[in-house]
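These protein sequences, in sequence, are chains A, B, C and D.
Going by my numbering, the letters in the first sequence line up with residues 299 to 680, in that order.
Going by my numbering, the letters in the second sequence line up with residues 1466 to 1866, in that order.
Going by my numbering, the letters in the third sequence line up with residues 9 to 180, in that order.
Going by my numbering, the letters in the fourth sequence line up with residues 938 to 1120, in that order.
Please read the structure below before turning to the comments.
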Amino acid sequence: MLNPIVTGAALVAEAPAQGGNLTLDLLREHAPAALPGWSLPLITALISVVIVITVISLLAMVSVWLERKVSGHIQCRYGPMYAGGWHGWAQSIADGVKLLMKEDMIPLGSDKALFMLAPALVLGAIFGAFVAMPLAPDFYFADIHLGAFFILGMSSLTTIGVVMAGWASNSKWSLYGSMREAAQVVAYEIPLGLSLMVPLMVAGTFNLLDASAAQSDYWGMGWFVFKNPFVIPAGILFFVAALAETKRAPFDLPEAESELVAGFLTEYSGIRWSFFFMEEYAAMYLMSLMAAVFFLGGFESPVLHVARQAEWHPILCNLIAATTLIAKSMFGVLVMMWVRWTLPRVRIDQVMTMGYKYLTPLALLCALGAALWEAGKAWIFA
Amino acid sequence: MATEHKPSITFHPEPRQLPGGEREYMMDVRTGDLEVNMGPQHPATHGVMKILIRTDGEMVTAAQPHLGFLHRCAEKIGENVEWLQYLPYTDRYDYLSSMNNNLGYSMAVEKLLGVEIPRRAEMIRTICAELNRIASALVAFGTYGLDLGAFTPFLYAFREREWLLQIFEKACGARLTYSYLRIGGLFNDVPPGWLEEVAHFCDVFEEKWQEYYDLLMVNHIFVKRTADIGVITKEQALDFGLTGPMLRGSGVDFDLRRDLPYMLYGEAHDAGAWKVVVGRGEKGTLGDCWDRIYVRVAEMMQSVGIVRWCLANIEEGPVLGDIAKTLKVPEGEAYVGIENPRGELGHYAVSDGGKVAVRCRVRGPSFCNLAILEDIMPGTLLGDAVAIIGSTDVVIGETDR
Amino acid sequence: MDFQGIHDHLRAIEAPGLVRADEPRLPNPEDKKDKGRSGDAYVVVEAAQLASFLRVCRDDERLAFEILADLTAADPAKDAEEFWVIVQLLSVQHRHRLAIKALVPKASARIPSATGVYRAAQWHERECAEMFGIEFVGHPDPRNILLPDDWEGYPLRKDYVFPTEYRGISCQ
Amino acid sequence: MSDQATMREPISAREWIKNVWDGFYTTLAGMKITGRYLLQKPITIQYPDERMPIPDRYRGIHYLEQEKCINCLACARACPIDCIEMDAIRHGKELEWVSFSVDYQKCMFCELCVYPCPKDCIHMGTEFAFVTDDRSELKHDLLSYKGMSREARIRMKEAEAKKAAKDAAKAAKGADAKEGDDA
């Protein structure tokens, strides 16, 4: 449905002629004249990539630590307490160092090239998806008109990496894991896209910046969930489908440690394994950010509204907006963790049943309802 | 299960001539069966057991348990150490219910000796055996959640189990391998304040039990994962000699504690302190995984009832019967089967009148319960296979002994 | 039913292969050497008829032994002529037990398999076969169950000599 | 390929709705329980800093009241795995200790060695952490001193002195008697 090639083609066609964002503007104003004009977008892109990778990696590391603390406290224990002093805040760093130090093992009989390529592909795809994700109203890397479409396309590209990893590992458990991943992601792309249709209809745009801006009325509380009653069920459906997309429990069948040992990760170790791990957390953030933008008002909050009214410095406004968005996505991630540590795992055929027979019809119903509601609204107010 | 090799792609030797002059090589692409070793180091096999499964996609078409990775010659050791010295070894076959193992072995030797056990010793034995049943059922419940991917109930169960282990530790000084019940009674009386702590545990446990039930047992995903899965019919269960919760889960109303009463269970049952829990097919078919795990979970509360009855009726007195220091067991043979948390634990002891047993047979319930896997696993999904193995609640120390 | 009742009933229906009943008894005060016998009572059955005896036990309405609780063997002494094969039956319906003993000569340790009667016997017989070297005739899957496939000797026999090494691993 | 592909019966609309509702409701019920614990204080303790109280009856590493021990071998005989070895040379009533070792590679902490002791001198202590990277160190000597204790040596010397004095007295007496005879 969301073929990345089609997405890419659409993107090129729709891409704005200039990259117009805060970084580029600043560069245009302050860059030394010696730099040729054509290099400025390139430098912008470079800066953006560095920022994306840093921010996402940091978020992933923090949320790994957070997950361990949340799971610990849910289970009446503390979680990491030693590394770094206060509540083991440096645990993720210590783990990262450990993973870097570990021997890089490639199993005998595996397809070496694919085995090494898979983690890179997975991580690259998920970072690529973040390109379309604005961090603040004036801080984004690409203002893509089909942003939502692009993100869904890129994030489903990770599936290819996972399937590749499972196939290349030359292990039966890995093969099971990757096949499950393929089946699962195909099944859940549909409800994911369909449930996203509902806020898209309310917003009337695929562009994340525009969608966010559309929720700024009513003191920054004009969120789509308050605008259309069908957005709330659609939000729940989106959340469930996003859980499945990101391979989180109760849909962690590709890993399924009690069934498939570790699924597609069985043969991976060290830093390659941690790439997959980072991808999982990055994907969690991506989906939470999507949910935050399309259901929970994006950057908008009363604080930002007040800041805008008072005409504070634009950088401060952008910081407030970014904090709001990250806080909202953090909330989504927390709920994902909470669900993970509560529920048992679903069986593979039930995953399929749930995707095709429950979520898809429900998402269709929501989309229909939302469409009628919007049409009715337009008809009444016209 | 034959292990013939079938290549997944076979080429036909003769190419087919196409009209345009091209030649087409025909091939059969076959989605081959996979033969997978589930174990000995697989998270779902609860120890070192191997199940050789053949799968067609996600479907398990054949399964064959392979045992013996934890074989420790318990029966042979029994023929080489003195009667009392064998007691610590009984701790180690079903290491989750050591008190019950001690009890079974002691009862077998006591049957040969023909000694009377003081009533206080019987009371404390009953309390210990039942508390151990709760501790064991908590592991069964917790690890079953783990098998199905729910991590949290496992730690909640272990929280209560930890308290139980501390209670045992106070009585006998060990947390897992108790060696507390001995031939003729107990090694020593319980410390002061111990019975009060047990009573307190019973009160707290009731609340926590409700929590387990709400968190996992009635969870929709859990119910859908376990209901109608791995159905063992009544006839199958009897034919395979299943015992304990496996048998009761299939709807057979039989509990050795009530039906062939030993110790004080019969008395407690007559006093209305507990009743036998039988699977009713509440969430699906009778005899499915949910019924089996339900019987285990519900039995915890019945055990609390027995413990409460014992606490109400306990009296002062000696805890060790008239037992010689070096046991010489009269000639004869005895089989004693008791209701272990996993089923009938049988001890068959043969004596020729000497200090050492001639034959010391242990009938481990897990060993017998496991045999049914070959029958019920084919035709299920891989995830169900895990659910089924978990629902048999095997302890590999006991299957291999 | 108690043991006496079961035995009388077995006599009455002429169960195949029933030899005698062996019950615990007190020491004979006149004979100093007789120390009596304690423990369980059991019925002794001809080895060749064991399977058909079990079938009768299972199918007879008043006995109704649905469960084969245990099937094992014992080697009473190094110089004994025979192994014992001991079967423990359990009736859910009537709540009684029965212990059955069959004597199998060591020289030709063969006994019909009870798998056709109780499938529970399958694994027990495999264990007996590898531990004692008793052949269960008609067993559908006569492989080792606990020991490795290439294990030599029968460990629970009294004349078993412990190996010093197994596949290059010292067992001392 | 598979001839075992199963087809589930289609479910009724009522059941469909019930499934949706049950899934939603029981998830929320579970999340309520876990959420409550999320906000409570954990019950675990931080092990190396805090420790659980160890009950008096704990069966840990043995300790020996060496003064009381009479080298009767009762504990060694009671041990199911023969992990206790002891050796002492007897000088009259006093013992000169050579070794009293427990092999913790074998020991299974069953406490069977404690009960038969006639002098109540071997006990199981509360110490349990006994970690080493050398197996030979696991054969642990319980003796606090080898040879003889100071008191035992003094007692033995006293006894010897007494005996010598006795002998001397006896000899003197004998001599006296002889002298008396002579006289």
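Even for Gly, the Cβ is constructed at its ideal location relative to N, Cα and C.
Small disclaimer: the values here were computed from a predicted structure and weren't measured.
Within chain G, the residues that residue i reaches when beta carbons sit closer than 8 Å
| i | result |
| --- | --- |
| residue 1553 of chain B | Here chain G cannot be found, since the structure's protein chains are A, B, C and D. |
Nonlocal neighbours in the same chain, by C-beta distance under 6 Å from residue i, ignoring five residues either side
| i | result |
| --- | --- |
| residue 532 of chain A | 493, 496 and 664 |
| residue 1503 of chain B | 1516 and 1518 |
| residue 359 of chain A | 390 |
| residue 1610 of chain B | 1618, 1619 and 1681 |
| residue 99 of chain C | 72 and 73 |
| residue 96 of chain C | 77, 78 and 107 |
| residue 1600 of chain B | 1626 and 1629 |
| residue 561 of chain A | 475, 552, 553 and 554 |
| residue 1543 of chain B | 1551, 1822 and 1825 |
Cutoff 8 Å; reference residue i; Cβ partners in own chain excluding five residues on either side
| i | result |
| --- | --- |
| residue 1664 of chain B | 1773 and 1776 |
| residue 1546 of chain B | 1554 and 1821 |
| residue 301 of chain A | Reliability of the predicted coordinates at residue 301 of chain A is poor, the pLDDT of 48 falling under 50, and the value obtained from them is presented with this limitation in mind. Hits under 8 Å: 451. |
| residue 1014 of chain D | 1053 |
| residue 601 of chain A | 518, 618 and 622 |
| residue 632 of chain A | 364 and 368 |
| residue 567 of chain A | 400, 401, 402 and 403 |
Chain B residues whose Cβ lies nearer than 8 Å to that of residue i
| i | result |
| --- | --- |
| residue 150 of chain C | Those within 8 Å of residue 150 of chain C in chain B number zero; the least Cβ separation is about 14 Å. |
| residue 554 of chain A | 1614 and 1848 |
Exposure of residue i, with buried meaning 16 or more beta-carbon neighbours within 10 Å
| i | result |
| --- | --- |
| residue 666 of chain A | exposed |
| residue 1859 of chain B | buried |
| residue 173 of chain C | exposed |
| residue 332 of chain A | exposed |
| residue 149 of chain C | exposed |
Chain-ordered neighbours of residue i on chain A, where CB pairs are closer than 8 Å
| i | result |
| --- | --- |
| residue 980 of chain D | 374 and 375 |
| residue 967 of chain D | 640 and 641 |
Own chain residues within Cβ distance below 7 Å of residue i, not counting five before or after
| i | result |
| --- | --- |
| residue 1062 of chain D | 997, 998, 999 and 1000 |
| residue 1870 of chain B | The structure shown does not extend to residue 1870 of chain B, since chain B is modelled only from 1466 through 1866, so no value can be given for it. |
| residue 1521 of chain B | 1498 |
| residue 1564 of chain B | 1593, 1594, 1597, 1643, 1645 and 1646 |
| residue 1011 of chain D | 1053, 1054 and 1055 |
| residue 47 of chain C | 32 |
| residue 85 of chain C | 166 |
| residue 489 of chain A | 535, 539, 653, 657, 658 and 661 |
Limits of the unbroken beta strand (DSSP E) element including residue i
| i | result |
| --- | --- |
| residue 1076 of chain D | 1076-1078 |
| residue 96 of chain C | 90-99 |
| residue 1800 of chain B | 1797-1805 |
| residue 1529 of chain B | 1524-1531 |
| residue 468 of chain A | Element bounds for residue 468 of chain A: n/a, residue is neither H nor E. |
| residue 29 of chain C | 26-30 |
Extent of the continuous alpha helix (DSSP H) to which residue i belongs
| i | result |
| --- | --- |
| residue 366 of chain A | 337-372 |
| residue 1541 of chain B | 1539-1543 |
| residue 576 of chain A | 568-592 |
| residue 1597 of chain B | 1584-1612 |
| residue 624 of chain A | 612-638 |
Residue i: contacting residues in chain D (beta-carbon distance under 9 Å)
| i | result |
| --- | --- |
| residue 474 of chain A | The premise fails here: residue 474 of chain A is roughly 16 Å from chain D at the closest Cβ pair, so nothing lies under 9 Å. |
Contact list for residue i against chain D, beta-carbon separation under 8 Å
| i | result |
| --- | --- |
| residue 247 of chain A | This structure gives no information on residue 247 of chain A, because the portion of chain A shown stretches from 299 to 680. |
Interface partners of residue i on chain D, CB under 7 Å
| i | result |
| --- | --- |
| residue 1639 of chain B | 996 and 1046 |
| residue 656 of chain A | 957 |
Interface partners of residue i on chain C, CB under 7 Å
| i | result |
| --- | --- |
| residue 1748 of chain B | Per Cβ cutoff of 7 Å: no residues; residue 1748 of chain B is ~25 Å from chain C at best. |
Under 7 Å from the C-beta of residue i: neighbouring residues of chain B
| i | result |
| --- | --- |
| residue 959 of chain D | 1685 |
At a Cβ cut of 9 Å, what residues of the stretch 631-649 of chain A count as close to chain B, listed as they run along the chain?
638, 639, 640, 641, 642, 643, 644, 645, 646, 647 and 648
Just by C-beta distance, which residues in the stretch 1672-1693 of chain B are closer than 8 Å to chain A?
1680, 1681, 1684, 1686, 1687, 1689 and 1690
What residues in the stretch 1834-1851 of chain B have a beta carbon less than 9 Å from any beta carbon of chain A?
Residues passing the 9 Å Cβ filter: 1846, 1847, 1848, 1849, 1850 and 1851.
Residues, ordered as in the chain, of the stretch 1605-1617 of chain B that lie near chain A by beta-carbon distance below 8 Å
Within the stretch 1605-1617 of chain B, the qualifying residues are 1610, 1611, 1612, 1613, 1614, 1615, 1616 and 1617.
Anything in the stretch 1500-1522 of chain B with a Cβ closer than 7 Å to a Cβ of chain A? List those residues in chain order, please.
1501, 1507, 1508 and 1509
May I ask you to list, following chain order, the residues of the stretch 1807-1834 of chain B that have a beta carbon less than 7 Å from some beta carbon of chain C?
Answer set for the stretch 1807-1834 of chain B: 1809, 1811, 1813, 1815, 1818, 1823, 1824, 1826, 1828, 1832 and 1833.
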